[in-house]
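Reviewing the structure listed below.
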Amino acid sequence: MAIITLTTDFGCEDTFAAQMKGVILGIAPGVTLVDLTHNIPPQDILGGALALDDAADAFPPGVIHVVVVDPGVGTSRRPLAVATERETLVGPDNGVFAPLLARRRTMQAVVLVNPACRREPVSPTFHGRDLFAPAAAYLAAGTPLHDLGPPAGGLVGLDTPQPRFAPDAIEAHVLRIDRFGNLVTDLRGEDLIRWLGSAPRKSIAFEAGSLRVQGLVLTYAAVPPGESVAYVGSSGRLEIGLHGGNAAAASGALRGAVVRVTRR
Amino acid sequence: MAIITLTTDFGCEDTFAAQMKGVILGIAPGVTLVDLTHNIPPQDILGGALALDDAADAFPPGVIHVVVVDPGVGTSRRPLAVATERETLVGPDNGVFAPLLARRRTMQAVVLVNPACRREPVSPTFHGRDLFAPAAAYLAAGTPLHDLGPPAGGLVGLDTPQPRFAPDAIEAHVLRIDRFGNLVTDLRGEDLIRWLGSAPRKSIAFEAGSLRVQGLVLTYAAVPPGESVAYVGSSGRLEIGLHGGNAAAASGALRGAVVRVTRR
Amino acid sequence: MAIITLTTDFGCEDTFAAQMKGVILGIAPGVTLVDLTHNIPPQDILGGALALDDAADAFPPGVIHVVVVDPGVGTSRRPLAVATERETLVGPDNGVFAPLLARRRTMQAVVLVNPACRREPVSPTFHGRDLFAPAAAYLAAGTPLHDLGPPAGGLVGLDTPQPRFAPDAIEAHVLRIDRFGNLVTDLRGEDLIRWLGSAPRKSIAFEAGSLRVQGLVLTYAAVPPGESVAYVGSSGRLEIGLHGGNAAAASGALRGAVVRVTRR
Numbered sequence: 141m142a143i144i145t146l147t148t149d150f151g152c153e154d155t156f157a158a159q160m161k162g163v164i165l166g167i168a169p170g171v172t173l174v175d176l177t178h179n180i181p182p183q184d185i186l187g188g189a190l191a192l193d194d195a196a197d198a199f200p201p202g203v204i205h206v207v208v209v210d211p212g213v214g215t216s217r218r219p220l221a222v223a224t225e226r227e228t229l230v231g232p233d234n235g236v237f238a239p240l241l242a243r244r245r246t247m248q249a250v251v252l253v254n255p256a257c258r259r260e261p262v263s264p265t266f267h268g269r270d271l272f273a274p275a276a277a278y279l280a281a282g283t284p285l286h287d288l289g290p291p292a293g294g295l296v297g298l299d300t301p302q303p304r305f306a307p308d309a310i311e312a313h314v315l316r317i318d319r320f321g322n323l324v325t326d327l328r329g330e331d332l333i334r335w336l337g338s339a340p341r342k343s344i345a346f347e348a349g350s351l352r353v354q355g356l357v358l359t360y361a362a363v364p365p366g367e368s369v370a371y372v373g374s375s376g377r378l379e380i381g382l383h384g385g386n387a388a389a390a391s392g393a394l395r396g397a398v399v400r401v402t403r404r
Numbered sequence: 141m142a143i144i145t146l147t148t149d150f151g152c153e154d155t156f157a158a159q160m161k162g163v164i165l166g167i168a169p170g171v172t173l174v175d176l177t178h179n180i181p182p183q184d185i186l187g188g189a190l191a192l193d194d195a196a197d198a199f200p201p202g203v204i205h206v207v208v209v210d211p212g213v214g215t216s217r218r219p220l221a222v223a224t225e226r227e228t229l230v231g232p233d234n235g236v237f238a239p240l241l242a243r244r245r246t247m248q249a250v251v252l253v254n255p256a257c258r259r260e261p262v263s264p265t266f267h268g269r270d271l272f273a274p275a276a277a278y279l280a281a282g283t284p285l286h287d288l289g290p291p292a293g294g295l296v297g298l299d300t301p302q303p304r305f306a307p308d309a310i311e312a313h314v315l316r317i318d319r320f321g322n323l324v325t326d327l328r329g330e331d332l333i334r335w336l337g338s339a340p341r342k343s344i345a346f347e348a349g350s351l352r353v354q355g356l357v358l359t360y361a362a363v364p365p366g367e368s369v370a371y372v373g374s375s376g377r378l379e380i381g382l383h384g385g386n387a388a389a390a391s392g393a394l395r396g397a398v399v400r401v402t403r404r
Numbered sequence: 141m142a143i144i145t146l147t148t149d150f151g152c153e154d155t156f157a158a159q160m161k162g163v164i165l166g167i168a169p170g171v172t173l174v175d176l177t178h179n180i181p182p183q184d185i186l187g188g189a190l191a192l193d194d195a196a197d198a199f200p201p202g203v204i205h206v207v208v209v210d211p212g213v214g215t216s217r218r219p220l221a222v223a224t225e226r227e228t229l230v231g232p233d234n235g236v237f238a239p240l241l242a243r244r245r246t247m248q249a250v251v252l253v254n255p256a257c258r259r260e261p262v263s264p265t266f267h268g269r270d271l272f273a274p275a276a277a278y279l280a281a282g283t284p285l286h287d288l289g290p291p292a293g294g295l296v297g298l299d300t301p302q303p304r305f306a307p308d309a310i311e312a313h314v315l316r317i318d319r320f321g322n323l324v325t326d327l328r329g330e331d332l333i334r335w336l337g338s339a340p341r342k343s344i345a346f347e348a349g350s351l352r353v354q355g356l357v358l359t360y361a362a363v364p365p366g367e368s369v370a371y372v373g374s375s376g377r378l379e380i381g382l383h384g385g386n387a388a389a390a391s392g393a394l395r396g397a398v399v400r401v402t403r404r
């Protein structure tokens, strides 16, 4: 009972994602399909990469993740399948797998060139349906990875925001804003705690746009409604929130904005 | 072949709902997953409660409904599993099950404290993934309810709008506005008919914001396009619509607005 | 392992689509459910018809497509099930199947009147749940089509935009705008190529609102970022796009707008 997940920037108005599912079910009828999200902003490779990286650990070993955020569709960018010690990834060679692969071991990576594992004719604008969906389905149905094509060699990387650490401050960045308006940053909770050392959590101060927060707590409900709050969210990253409100709106901070962390 | 449904305020941009599914499929691989909706307004317990109450009767007996509208996540509010004569409910003890339980028999309710039925470490901000999803999955896989934790005793209630009945008028309220702009009210069709007695349906008048409607009909298509219309909708509640238009926009009535019902 | 797809204008805020799934799973527990889309604009029969027509060929033979875009629900419009050489269609007799049926053979069409294949009582406002979902589920579970009701005879048609061909120009139309802002037209790629004859693809000029495009290419990535582009999209239709931008916003062209095609 294989699982295939889909992550795309196709949105939910059109039938693009459904067409991928139709193709998959025609090749691997018993497969379980899960949408990670189809609302990655159009052509936002980093957004797709972070969504996959956030969600991957929740799935059981053997899962196949298909990611189609693919501004280079129809050009010479390579179509890939990549096996790690835990899952298989299918999608374009544009860096969309880089954050997850940075914390996995890459066991095998192939370029999808086997015409027997495509849907012909391959539309030059819709490799999700004609190339990536069939590849995932054949893998789910038991085709070995090396049957899909030759070894890929080095993969395209991705320029991912990284916090800058200094002894007296960290410059972190807003990676994305979630539905509740929480600011999700590029600062891992474990790195923050390591930097903090023996200083108490109450001593940390955060600045995001016009919001100031004093102290790191366990969850946004730990402060009274209406107060801003800093905590390590469910993806293990520092988040700035506003209990019962919208931190993004209140702070004016946009994606990419600096979140300054100091001790005092 | 168990069914697990998910109702959350997570939206469809992030991967939160998908992470819950990944956890469930890791524990109960053959389960059928159905999204009720992930678009409950953030932290709107009443909205989540009504969505569940509206949808529950369409599902076969034995279904497991997980509802995560959980402003108190990470605080002392209790995590629950509740068995009725028809389904099992999993979610926070904040009243989100109250409207459905008001018309069911509660057979058993337990507090989810068994560490063997959690995903460790439990994130203080994402009990949906680490606590409610595993509980539902273990239930689907055959774990008896009483293995999840001790009896819960009394549950938290919910202050739900109720119509006020007088001999010459009913004061009902807009519970929610659906996608078509129809005003869905807290007045049950059967209660309206009982109040009406032997008076003809044509004699009822409705006022919602600036809209006036004369007569109760079977469906909005029973009046000419452009006319406002009152009927009992698919959830058994009085609705005010506008044939081919948007009653909410035309009336100016918002959620909570009074819908006045009189006979003349 | 039957597949049932759902296409509706119910949106994703309410539980309407989920209720249909609950009913289906109660009758046909092992069925695979796929959402084509629930975001057809309210009561937009043409939009629903095009979504089905775009997606149908991606699904394997034997699939059952349920389409509920049904402004006439509760009136005398007939509920249908239609078998083609490839799939079965279930929905209202309002033309929503017409574009797909125009390129299929209709093998059998029946009116859904068998009370044993409904969910009683049938809500006059929600045939999706009480009439179409059960019909599809009984078909998936093996009930023969002719058990659902008597032959339907002629079906309601649909007035679909069609390009007008002249020797020196084609007047095409914007059928819909996709999530990327691409203008999807009613001009089939094969008809455009036939009209073009031996003239080179570079010689075709396109006008859509304020956008001018010279030449037909294979994919939007074939032009530099910021340039407008004309190509045959994944549904086989001419599309006008803007590489890295939004052609609909840039052109000002709305649905129904003329796209003028000339040679020079």
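Protein chains in written order, with this note's numbering: chain A, 141 to 404; chain B, 141 to 404; chain C, 141 to 404. Quick reminder that beta carbons are idealized off the backbone N, C-alpha and C, glycines included.
Fill in: Where the beta strand (DSSP E) through I204(C) begins and ends
I204 to V208
Item to complete: Throw me the rounded Cβ distance for the L192(B) and T147(B) pair, which I believe falls under 8 angstroms.
Response: 6 angstroms
Fill in: Contact list for V163(B) against chain A, beta-carbon separation under 7 angstroms
A198
Worksheet item: Alpha carbon to alpha carbon, how far is L137(B) from K342(B)?
Response: Within the shown structure, residues of chain B are numbered from 141 to 404, placing residue 137(B) beyond reach of any answer.
Worksheet item: Do I459(C) and I167(C) have their CB atoms nearer than 8 angstroms?
Response: Nothing in the structure corresponds to residue 459(C), since chain C is present only between 141 and 404.
Fill in: Stretch pair the region 171-191 of chain A + the region 205-216 of chain A: three plus CB contacts closer than 8 angstroms
yes
Worksheet item: Quick one, which residues of the region 370-382 of chain A are near chain B if we go by CB-CB under 7 angstroms, in chain order?
Response: Y371, G373 and S374
Fill in: Of the residues C257(B), A273(B), G214(B) and V262(B), the one placed nearest V171(B), counting alpha carbons only
A273(B)
Item to complete: Determine, using beta carbons only, whether E260(C) comes closer than 8 angstroms to chain B.
Response: no
Item to complete: Taking a Cβ distance cut-off of 8 angstroms, strictly less, list which residues of the region 204-215 of chain A are near chain F, in chain order.
Response: Absent from the structure is chain F; the protein chains it does hold are A, B and C.
Worksheet entry | V296(B) beta carbon less than 8 angstroms from that of D233(B) | yes
Worksheet item: Would you say G268(A) and A362(C) are within 8 angstroms of each other, going by their C-beta atoms?
Response: no
Discussion item. Taking only three categories from DSSP, how would you classify S391(A)?
Written reply: helix
Practice prompt. Could you name the residues of chain C that R269(A) contacts, counting a contact when the two beta carbons are closer than 9 angstroms?
Written response: A198 and S374
Practice prompt. Report the residue from F320(B), V253(B), R217(B) and D308(B) whose alpha carbon sits nearest the alpha carbon of A132(B).
Written response: The structure shown does not extend to residue 132(B), since chain B is modelled only from 141 to 404, so the question has no answer here.
Practice prompt. Find the residues of chain C that neighbour M160(B), judging by a C-beta separation of less than 7 angstroms, and give them in chain order.
Written response: Those do not exist, as M160(B) stays about 16 angstroms from chain C at its closest Cβ, beyond 7 angstroms.
Worksheet item: Should R328(B) be flagged as near chain C, meaning a C-beta pair shorter than 8 angstroms?
Response: no
Discussion item. Excluding the 5 residues flanking P201(B) on each side, which residues of the same chain have their C-beta closer than 6 angstroms to its C-beta?
Written reply: R226
Worksheet item: L146(C): beta carbon under 7 angstroms from a heavy atom of the ligand GTP?
Response: Looking at this structure, you won't find the ligand GTP or any other ligand, since it has none at all.
Worksheet item: Name the chain B residues that come within less than 7 angstroms of F320(A), Cβ to Cβ?
Response: P182
Worksheet item: D175(B) touches chain C at which residues, Cβ-Cβ below 7 angstroms?
Response: A158
Worksheet entry | Contact belief for E452(C) with N322(C) at Cβ below 8 angstroms, rounded distance in angstroms | Missing from the structure shown is residue 452(C); chain C here goes from 141 to 404 and no further.
Practice prompt. Would you kindly check if the distance between the Cβ of A387(A) and the Cβ of G381(A) is under 8 angstroms?
Written response: yes
Discussion item. Let me see if you follow: with CB-CB separation under 8 angstroms, is I185(A) close to chain B or not?
Written reply: no
Worksheet item: So, are the CB atoms of A275(B) and V230(B) less than 8 angstroms apart?
Response: yes
Worksheet item: Are there 16 or more other CB atoms within 10 angstroms of the CB of D318(A), so buried, or fewer, so exposed?
Response: buried
Discussion item. Considering only the alpha carbon of each residue, which of L315(A), V401(A), G162(A) and V236(A) lies closest to L332(A)?
Written reply: V401(A)
Practice prompt. Could you give the DSSP three-state label for A339(C): helix, strand or coil?
Written response: coil
Fill in: Cβ-based neighbour list, V203(C), same chain, cut-off 6 angstroms, excluding 5 preceding and 5 following
I143 and E227
Worksheet item: Based on the DSSP secondary-structure assignment, which residues constitute the bridge partners of A221(B)?
Response: V230(B) and V250(B)
Discussion item. Closest to H286(A) by C-alpha separation, out of P301(A), F156(A), V251(A) and F305(A), would be which residue?
Written reply: V251(A)
Discussion item. On the DSSP bridge list, what partners appear for D175(A)?
Written reply: L146(A)
Worksheet item: In chain order, what residues of the same chain lie with their CB nearer than 6 angstroms to the CB of G187(A), ignoring the 5 residues before and after it?
Response: I180 and P181
Worksheet item: In its own chain, which residues sit with a C-beta less than 7 angstroms from the C-beta of T359(C), not counting the 5 before and 5 after it?
Response: Y371
Worksheet item: In terms of residue numbering, what span does the beta strand (DSSP E) encompassing F320(A) cover?
Response: Taken as a continuous stretch (DSSP letters only), F320(A) belongs to no beta strand (DSSP E), as it is neither H nor E.
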